[in-house]
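K.L.:
In the order they appear, the protein sequences are chains A, B, C and D.
Okay, so the first sequence: first residue is 1 according to our numbering, each after it adds one.
Okay, so the second sequence: first residue is 1 according to our numbering, each after it adds one.
Okay, so the third sequence: first residue is 1 according to our numbering, each after it adds one.
Okay, so the fourth sequence: first residue is 1 according to our numbering, each after it adds one.
Number of protein chains: 4
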Amino acid sequence: MTIRVGIIGQGYVASTLALGLARIKEGEIGLNGIPLQDFTKSYSVNDIEIASSVDVDAAKIGSTLLDVVRTYFPAVNKVYEPLERVRVAPGLHLGSARNLPIKAVGLEEEYGLEDAVHKIVDHWEKSEVDVLINLITTEYTEPPKSFEQLREWVRSGEFKNLPATYAYVYAAAIYAETVKPVAYVNAIPATVARSTAIVKAFEERSSLVLGDDGASGATPLTSDILEYLAERSRVPRGVVQFNIGGNLDFLALLDERRSKAKEKTKSSVVSDVLGFEVPNFIKPTGFVEHLGDKKFVSMHIEYVGFNESVDEIIVNARINDSPALAGLLVDLVRLAKAALDRGLRGTIYEINAFYMKSPGPEGSRSISRIVAYQLLLDWLLRLGELTRVPRYSVHNFIPELKKLYGL
Amino acid sequence: MTIRVGIIGQGYVASTLALGLARIKEGEIGLNGIPLQDFTKSYSVNDIEIASSVDVDAAKIGSTLLDVVRTYFPAVNKVYEPLERVRVAPGLHLGSARNLPIKAVGLEEEYGLEDAVHKIVDHWEKSEVDVLINLITTEYTEPPKSFEQLREWVRSGEFKNLPATYAYVYAAAIYAETVKPVAYVNAIPATVARSTAIVKAFEERSSLVLGDDGASGATPLTSDILEYLAERSRVPRGVVQFNIGGNLDFLALLDERRSKAKEKTKSSVVSDVLGFEVPNFIKPTGFVEHLGDKKFVSMHIEYVGFNESVDEIIVNARINDSPALAGLLVDLVRLAKAALDRGLRGTIYEINAFYMKSPGPEGSRSISRIVAYQLLLDWLLRLGELTRVPRYSVHNFIPELKKLYGL
Amino acid sequence: MTIRVGIIGQGYVASTLALGLARIKEGEIGLNGIPLQDFTKSYSVNDIEIASSVDVDAAKIGSTLLDVVRTYFPAVNKVYEPLERVRVAPGLHLGSARNLPIKAVGLEEEYGLEDAVHKIVDHWEKSEVDVLINLITTEYTEPPKSFEQLREWVRSGEFKNLPATYAYVYAAAIYAETVKPVAYVNAIPATVARSTAIVKAFEERSSLVLGDDGASGATPLTSDILEYLAERSRVPRGVVQFNIGGNLDFLALLDERRSKAKEKTKSSVVSDVLGFEVPNFIKPTGFVEHLGDKKFVSMHIEYVGFNESVDEIIVNARINDSPALAGLLVDLVRLAKAALDRGLRGTIYEINAFYMKSPGPEGSRSISRIVAYQLLLDWLLRLGELTRVPRYSVHNFIPELKKLYGL
Amino acid sequence: MTIRVGIIGQGYVASTLALGLARIKEGEIGLNGIPLQDFTKSYSVNDIEIASSVDVDAAKIGSTLLDVVRTYFPAVNKVYEPLERVRVAPGLHLGSARNLPIKAVGLEEEYGLEDAVHKIVDHWEKSEVDVLINLITTEYTEPPKSFEQLREWVRSGEFKNLPATYAYVYAAAIYAETVKPVAYVNAIPATVARSTAIVKAFEERSSLVLGDDGASGATPLTSDILEYLAERSRVPRGVVQFNIGGNLDFLALLDERRSKAKEKTKSSVVSDVLGFEVPNFIKPTGFVEHLGDKKFVSMHIEYVGFNESVDEIIVNARINDSPALAGLLVDLVRLAKAALDRGLRGTIYEINAFYMKSPGPEGSRSISRIVAYQLLLDWLLRLGELTRVPRYSVHNFIPELKKLYGL
């Protein structure tokens, strides 16, 4: 059975995802970078189909996915059929690409916001999407108090301050009401799965939101290193984490409000994992073009150990930003659909805790990803969704659990 | 209730342990660097008493612990009573300190090995030790096929190739037979808890061995970083880990056989955690005096992710070698005694997996320490040994387990 | 013969300088960190005397240097006589400490600016200063078109936008006119030695300015690494350099205008050394308290070599900010006085090129410091100021020069 | 005019050199990685022609350079004419490739050593070589006391301990005697330019040796970082430099005698640059296949500065080994030939000091490369060999020198 995916924002990540899936289908590459690979029962990687894509970049609208993919990967000279079939449709702008070096257009300019939203819903209906992935440029968002407030924002036409993310959330809810249940995977640092109002609205529509902000880069590693220290009662004096890259996302983060949004999803990890506050500097730090999609990360942690000894850890990394996230999305899409199939609704902490920087629902902690992985395995085991346990799990070792799951 | 500890090898680690415990008792410092701090029920940190210490360094024998501590920490000018009470007794040499810049003497030179062993047992009996910690210089060991073979080695007097570690193991077994059950914590890279013959001998004597090789330095961090990659199906092309330090242990590792022993306990981590082989270079790399006890670690991992992207992680660390291990020993001593009290015997993987580089029993895997920590918490919960769950644990999240443990 | 130094801004650097000099006089420490050590003829390190110090921190004014030093170095419990003799006098504020967590007061508030300047001149006259060191908080400055304009700024009383640095520059010029020639060493990122108007004013008063911005940290190392690459025609694709620290200077740089000033003196190094532009990100990056005076630096350079190979260099450093600059000041004070004695005036590129991030006069290039050092040695040789050649110098190898200087 | 080059050892470096030169001639790539680019008068890069190549790898002998190049660069599918013209001829083995995974054969096995040497000379005569580059696997060498002794070694037939490098040196000397003057560039860690006997033999034959051991990797950078510290009187407590790679050279260095040879040329840099001894660990550290030609370097320096402050620098680098050296060889070949043309003979420190790890003649110091570069520029200026000064040079600034050279 197929999962029909609707992309919102056909940028670097979405293009890497589309290309990677196409190459896997062709047998050119394996399943590296996809956490669960072929360990889930309901859906395999090859079941994923990009069925729709919307964007606001005038240069992309109307192009095939293949055309767009080639702007990011000029060396691709093969024609991948699944990428040729889909054309980028116009999306909602609402200023989400302001200050970026692209010519941005939004359906709302022509039709007004409410009608534009319905055009999006119609487009998704024609594409028969099951799962939506929000991959637009980072936005600063203040979540609505209720779904009614969100509806009011859309209707009032005063959309100057309405984040595009929320307009798409609203559209997804209408889609769920009028077409069929849907999963909205929020891969960017906007507040979606952490908004009780939004989660409730999706719950009421038998739908699902996952989020927020895909945990693709240095932050999950930071969470595991902090856990490593915390488990030994080694106490960080402070944590520094620099990030610099050359893709559009880093350029967008030069904007202060966007940067604030990102900072919020990144720095909570320290006190969440340690259980107490320590001085830290973890924020998007800069843009420099030559780095392209391969960011440079530098981390410094100084900590106090036994007999007041002071140690230091320095981590430097070169990480390809887009494939790191794209690999996670391959899982998220499948887990979202499998959950929908089983009638799960609202949001699911066990998924968010591993895959997201700021896991919803509201008030949830960002825990060490290695611990979160154990939670995820447990959740999958209980669902009967695993074909086999992919790695050492607490469940392999704890007799009660082994019995419970027949391991 | 008190735990009476017998030190074997009063070097940097043992001296840091002794000093740190004394300073904690005085309220000068807190519990940093001790993984379980005050979360265990049976024994608190203050219950630990260094009751005996043996060594082969002629310059140390007869000195008080305080005198020895001061050779490592010249700034210590306070008189700590618990350190003044204990004097270093002569130990078994058997060539274990060969090529090192100390004047080494062994009881076996005067009395022959078998009688020397009995002198050690007598000394421990007088000191009423509950737990022994093996902290002698790294040794290359080929484990005995059976306890009888070990007995034969000791009796034959042909002790040229008998590692001192095994002579002490034998002494501990005799102590267990004739005095009371004992725990032998093997903190060095010799094969003890991974020897089925030795574990069985201790089991038969209602005693316990824990080991092998305290996981104090870069190796546990490496295991967690590898787990971080593995959980995302990011495939390392290779792993490099350099280590250089300036303490006696690094000097000793210039000796090729000792170095082999260390390499064995360190490099298994890669294939154990990943589940497959990758090229790696993880071995003791050098000695340079100015670094003293604060080693320099450098690690490089290159890995392949989604869409065949290639990323890199580089870790550099400055780690105080001795306090890192000493902090773990504070837990090991307490867990060992608590286990003995409950009649547990042989060895305990749940303890070894977190605290040891090469966890026994024979054939066990070296897993990610963050996963191992969950195992440890589970084991402690089942034992009723935790006063409260010290950190986020899978048990806090999994309903079945919460019910089981009343969380 | 003594050099009488007037400090402007008794912060961390000035206090480290004062303490270091006092300890050297006592024979407690050697000459580490002082580039020219005892290689200059006219003045030895012990000839330097802190004769005056002005500041705007109400908590410091009236205190002895010893009191102030102890706020930075609480462990100092010895009474150093030279530090007890001098008391911090009130300085000119002009908003230079705005937004910093100190209670700042300025003489101008009580007396008006012009009279306040004369009070400063009087204070210096009484202290008989030969060399002034500007060590106030980083300021953004737009240099005056002429000395007359500077005079007008001071006289008009509209001092809202007059940087304190320039008020002190003006005071120094008045001092030079009315008392005796003076050297003004500008160790902060304000434009002083790069202002033609200021240099000319000092030249006309037989005086000297040196500057701008002491090259104490990562920037000189960056310049040498870039030179290393450039000499091999290895072409950087881009340069990233992060800096984070926890002292007042890093806190001050959170202010955008101050940060701009710093960025200007730091990033010119790339194109200056390479001779062409490459993308770069070199700017003050953050403040995090626990780092204190020991900043963390992270640098990344990716470059193209023979046969289009692509290599990478990553540098991480922990650098004590204040002593690094204080060591340079010990030389600058002596070189400035030796130059004054010989009637040199205006500014001296050969000194600035080695010791300063942005060497004056206006339009000068920031060259590799190792090359600059050769220039400096040559200048010293021509002056007859070296007691011996401290290190390998081109002059030792080039026959013409050897003859010229009698090497 | 053409420079005809004879390669000794057609491995990775020689193949990179051959390919790079061919691509430059085709205009495919520029002059990155060639220090002097087009700044020399007598010869441009395009004047270099690979005229001969000898090797002992049975799989290479008889192949064209193009074939060999493709084993290292499988992606090369273009036919480069200069690479097709030359075939690898059989060389002298003398055990130089022992323990390496190749089938090695030597002319001496068939003809005896003395006749084999003459076969090599004949081959070079036919190829009309001007400059020879020694690029065989690293060898441990004890230099001859005199040229007569070297002759004796070759004649005696007891060639078990005769390094292949010296057999080629002997052949080159015979070539110089009987054909024409020649330059022998020793790019490996054997003692050649540092052997007074060898330099003298070449001097007497109007010939030239340059060496030893091309300064292509981390060592020249280390020398500049040490100079950076030394010029500020910052005193290293110790220096650590690890190197690990996956090419044949790193594999060869597992052999202890070869490793010794390398260690000698690398570690002298510390005391040479600083002028005093500090503890250091600088040696070839390991082999791990996945790294291929792109080695991983890790360096740690801890140093003491003003007021006894302690700082640290950590450098990590990924460096493509072969192109780094190949780029230097492009200069060395041209400088060697230009020197020969002018009748210079023996060896030339000004060249060696910049391009070689252990510069000859015997007893020379390894100085900071940035200082050495100034020497090199001076030497070139005096020779009238520069078309223009390629970078900032002391000569641009020092009036006496500007006059001298008409700058």
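Glycine residues also receive a C-beta, built at the ideal position from the N, C-alpha and C atoms.
(1) For D/Q37, would you say it is in contact with chain C, using Cβ-to-Cβ distances shorter than 8 Å as the test?
(2) In the DSSP output, what is D/A412 paired with across the bridge?
(3) Which residue wins for smallest C-alpha separation from D/R463, given the options D/V209, D/P359, D/D255?
(4) Could you compute how far the alpha carbon of B/T2 sits from the alpha carbon of B/V86?
(5) Contact criterion: CB-CB distance below 8 Å. Does B/L221 meet it with respect to chain A?
(6) The segment 370-388 of chain B: which residues have C-beta closer than 8 Å to a C-beta of chain A, in chain order?
(7) If I'm right that C/T222 touches C/Q241 with Cβ under 8 Å, what's the distance once you round it to whole angstroms?
(8) Kindly identify the DSSP beta-bridge partner or partners of D/M1.
(9) Ends of the beta strand (DSSP E) at A/L107?
(10) Of all the CB atoms in chain C, is at least one closer than 8 Å to the CB of D/D311?
(11) Along chain C, in chain order, which residues have C-beta atoms closer than 7 Å to that of A/V279?
(12) What does D/V235 touch in chain C if you count any residue whose Cβ is under 8 Å from its own?
(13) Report the residue ranges of all alpha helix (DSSP H) runs contained in full by the segment 206-240 of chain C; include only those spanning at least 4 residues, in chain order.
(14) Spell out whether any CB of chain D is found under 8 Å from the CB atom of C/S368.
(15) For C/D311, write down the residues that DSSP places opposite it in a beta bridge.
(16) Based on Cα-Cα distance, which residue from A/Y111, A/E109, A/S53, A/L100 lies nearest to A/E84?
(17) Kindly give me the distance between the Cβ atoms of B/S366 and B/P359, rounded to whole angstroms, as I take these residues to be in contact under 8 Å.
(18) Say whether chain B places a C-beta atom closer than 8 Å to the C-beta of D/F296.
(19) Take every Cβ of the segment 175-187 of chain D, pair it with every Cβ of the segment 332-345 of chain D, and state whether three or more of those distances are shorter than 8 Å.
(20) What is the rounded straight-line gap between the Cα of D/L132 and the Cα of D/V5?
(21) Leaving out five residues before and five after D/D341 in sequence, what residues of the same chain have Cβ atoms less than 7 Å from its Cβ?
(22) Since D/A336 and D/L135 are thought to touch, with beta carbons under 8 Å apart, how far apart are those beta carbons, to the nearest angstrom?
(23) Based on DSSP bridge pairs, tell me the residues matched to B/S298.
(24) Please compile the residues from chain A whose C-beta is within a distance smaller than 8 Å of the C-beta of B/R318.
(25) Taking the alpha helix (DSSP H) that C/Y166 falls in, what are its first and last residues?
(26) May I ask you to list the residues that DSSP assigns as paired with D/I48?
(27) Are there 16 or more other CB atoms within 10 angstroms of the CB of A/E142, so buried, or fewer, so exposed?
(28) May I ask you to list the residues that DSSP assigns as paired with D/T137?
(29) Please compile the residues from chain A whose C-beta is within a distance smaller than 9 Å of the C-beta of C/T165.
(30) With a threshold of 7 Å (Cβ to nearest heavy atom), would C/V117 be considered close to the ligand ZN?
(31) What is the DSSP secondary structure of B/F287, reduced to helix, strand or coil?
(32) Among the candidates A/V239, A/Y111, A/L248, whose CA atom is the shortest distance from the CA of A/I314?
(33) Are the C-beta of B/T285 and some C-beta of chain D separated by less than 8 Å?
(34) Drop a sphere of 10 angstroms on the beta-carbon of C/V310, count the other beta-carbons inside from all chains shown, and report buried for 16 or more, exposed for fewer.
(35) What does DSSP give as the partner residue(s) for C/G346 in the beta ladder?
(36) Give the secondary structure of A/L36 by DSSP, where H, G and I count as helix, E and B as strand, and everything else as coil.
P.N.:
So, from the listed chains and residues:
(1) yes
(2) With chain D running from 1 to 407 in the structure shown, residue 412 of chain D is simply not present.
(3) In this structure chain D extends from 1 to 407, so residue 463 of chain D is not present and cannot be described.
(4) 16 Å
(5) yes
(6) I370, V371, Y373, Q374, L375, D378
(7) 6 Å
(8) Per DSSP, none; premise fails for D/M1.
(9) Unbroken run through A/L107 is the alpha helix (DSSP H), 107-111; no beta strand (DSSP E).
(10) yes
(11) The residue you asked about is not Val; residue 279 of chain A is Pro in the sequence shown. By Cβ distance, chain C contributes V288, E289, H290.
(12) N32
(13) 218-230
(14) yes
(15) C/Y303
(16) A/S53
(17) 6 Å
(18) yes
(19) yes
(20) 6 Å
(21) S42
(22) Not really, about 14 Å apart at Cβ, beyond 8 Å.
(23) B/F242, B/N316
(24) D311, E312
(25) 164-178
(26) D/I3
(27) exposed
(28) DSSP lists no partner for D/T137.
(29) Near C/T165 there are no residues of chain A at all, since even the closest Cβ is about 28 Å away, more than 9 Å.
(30) The ligand ZN is absent from the structure shown, which contains no ligands of any kind.
(31) strand
(32) A/V239
(33) yes
(34) exposed
(35) C/L208
(36) coil
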